[in-house]
Amino acid sequence: MATILKFRQSSLRVVGTAKEACQGNVVTKPFLGGGHYRRCLSSHVNVQKHGSIAILELNRGPVNSFSLEFLEEINTTLGSLENDQDCQGVIITSGVPKVFSAGLDLVKEIYKPSDKKRLASFWSNFQEMWLRLYGSRLATMAAINGHAMAGGCVLGLSCDYRVMAEGFRIGMVEIEAGVPPPTWVVGTMRNVVGQSCTEKAILSNKRYTSEEALAVGMVDKVVPKDKTMEETMVEMEKWVAFSSKARELTKKTLRKEFVEALENNRAEDIKDFCDCILDENVQKAIGKQIEKISKKN
């Protein structure tokens, strides 16, 4: 029987098994034909521990956009899983219909920000999410069961392996909002799809269909939507069967350059981001993007 983890007030703790999942301020639903997870009504991050594999589900409707508080929850959860020596892999997915993640919360965090310290903290937490995922000792996979745009695309690319559902799109579309992706984000994409594809993807603002993303290597497998988690779990079970120490050391070797580059320059990167966001022309572009999205909705 799957062990249940509960996230609340910036902590992650074991609270019982599926038998106990009907108790407390939570709701439950079946997972993979036998396990259950607890949906904590006060949290936007749900976690199920399935043996040595954790499933981290994002639930900040309507589009899983990253606010400061949401990023803090994600980072705390990832840190707890990283410190759990019984955990060898984490699958990130969405509990929001049709959307994996739309990226940064433009309205709450970066359009006409009134508090520069909050803006800096917001970007620091986005950095932290990337560092935790890209530099993780764990096997990390994204079960992309909806659209993944901008920061949502970054989230997927930061994982070791990506399974994407049919019928959705993914893209690094930051420049449409006037926000250039930083070096470490560009490097992450380049490591996955190569220099030429990275340039075309970012500069053209292309939104790839799942099939197009598979063709260029942006995702590793495309499956029917109702098979996304099942297929990701099958792949993850293969990965966690390998030596965890060998995986950890190999990932460090492969990614050391990019991880250390950000770790050694976080303050400068935060300053560059804040200066960019506070630029008058960038604010105009962000405003236009928000207006465009509002009209669609």
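Each residue of the sequence shown is one higher than the one before, counting from 1 in the UniProt record's numbering.
Don't be surprised by glycine CBs; every beta carbon is placed ideally from N, CA and C.
Is the CB-CB distance between Gly61 and Val90 below 7 Å?
Walking along the sequence shown from the start, residue 61 turns up at place 61. Walking along the sequence shown from the start, residue 90 turns up at place 90. No. Outside cutoff.
Less than 8 Å between the CB atoms is what I'm expecting for Ile270 and Ala177, so what's the real figure, rounded?
Looking up residue 270 in the sequence shown gives position 270. Looking up residue 177 in the sequence shown gives position 177. That belief does not hold up - the Cβ atoms of Ile270 and Ala177 are roughly 18 Å apart, past 8 Å.
Taking Gly146 and Lys98 to be in contact with their CB atoms under 8 Å, please state how far apart those CB atoms are, rounded to whole angstroms.
By one-based count along the sequence shown, residue 146 stands at place 146. By one-based count along the sequence shown, residue 98 stands at place 98. Sure, about 5 Å apart at Cβ, within 8 Å.
Under the three-state reduction of DSSP, which class applies to Ser204: helix, strand or coil?
Locating residue 204 in the sequence shown gives position 204, counting from the first residue. In the displayed model, Ser204 falls within coil according to three-state DSSP, outside both helix and strand.
Which residue's Cα is closest to the Cα of Arg192: Asp86, Asn281, Arg255 and Phe122?
The residue you call residue 192 lines up with position 192 of the sequence shown. Just to set this straight, residue 192 is Val in the shown sequence, not Arg. Ranking Asp86, Asn281, Arg255 and Phe122 by Cα distance to Val192 puts Arg255 first.
Should Ser124 and Asn64 be called a contact, given that it needs their Cβ atoms to be closer than 7 Å?
Taking the first residue of the sequence shown as position 1, residue 124 is located at position 124. Taking the first residue of the sequence shown as position 1, residue 64 is located at position 64. Going by C-beta atoms, Ser124 is not nearer than 7 Å to Asn64.
What ranges does the alpha helix (DSSP H) occupy inside the segment 206-246, keeping only unbroken runs of at least 4 residues that lie completely in it?
210-216 and 228-239
Going straight from the alpha carbon of Glu73 to that of Phe273, what length do you get?
As a position in the sequence shown, residue 73 is number 73, starting the count at 1. As a position in the sequence shown, residue 273 is number 273, starting the count at 1. Computed Cα separation, rounded: 22 Å.
At which residues does the alpha helix (DSSP H) containing Ala267 begin and terminate?
One-based indexing of the sequence shown puts residue 267 at position 267. Start and end: Arg266 to Leu278.
For Val222 versus Glu166, is the C-beta spacing smaller than 7 Å?
By one-based count along the sequence shown, residue 222 stands at place 222. By one-based count along the sequence shown, residue 166 stands at place 166. Yes, the Cβ-Cβ distance between Val222 and Glu166 is below 7 Å.
State whether the segment 255-265 contacts the segment 170-184, with contact taken as three or more CB pairs (one from each stretch) at a distance under 8 Å.
yes
Extent of the continuous beta strand (DSSP E) run through Gly187:
Working through the sequence shown from its first residue, we reach residue 187 at position 187. First-last for Gly187: Thr183 to Val193, but that is the alpha helix (DSSP H), not the beta strand (DSSP E).
Close-in-space but distant-in-sequence residues of the same chain around residue 300 (CB under 6 Å, 5 per side omitted):
The requested residue 300 does not occur in the structure, where the chain is confined to residues 1 to 297.
Under 8 Å by Cβ, that's how I've got Ile55 and Ile277 pegged, so tell me the actual separation to the nearest angstrom.
For the purposes of this step, residue 55 is taken as residue 55 along the sequence shown, with counting starting at 1. For the purposes of this step, residue 277 is taken as residue 277 along the sequence shown, with counting starting at 1. About 33 Å separates the two Cβ atoms, so there is no contact after all.
Less than 7 Å between the beta carbons of residue 319 and Arg137, yes or no?
With the chain running from 1 to 297 in the structure shown, residue 319 is simply not present.
Where DSSP assigns a beta bridge to Ala142, which residues make up the other side?
On the sequence shown, residue 142 is found 142 positions in, with the first residue counted as 1. Beta-bridge pairing links Ala142 to Ile92 and Arg162.
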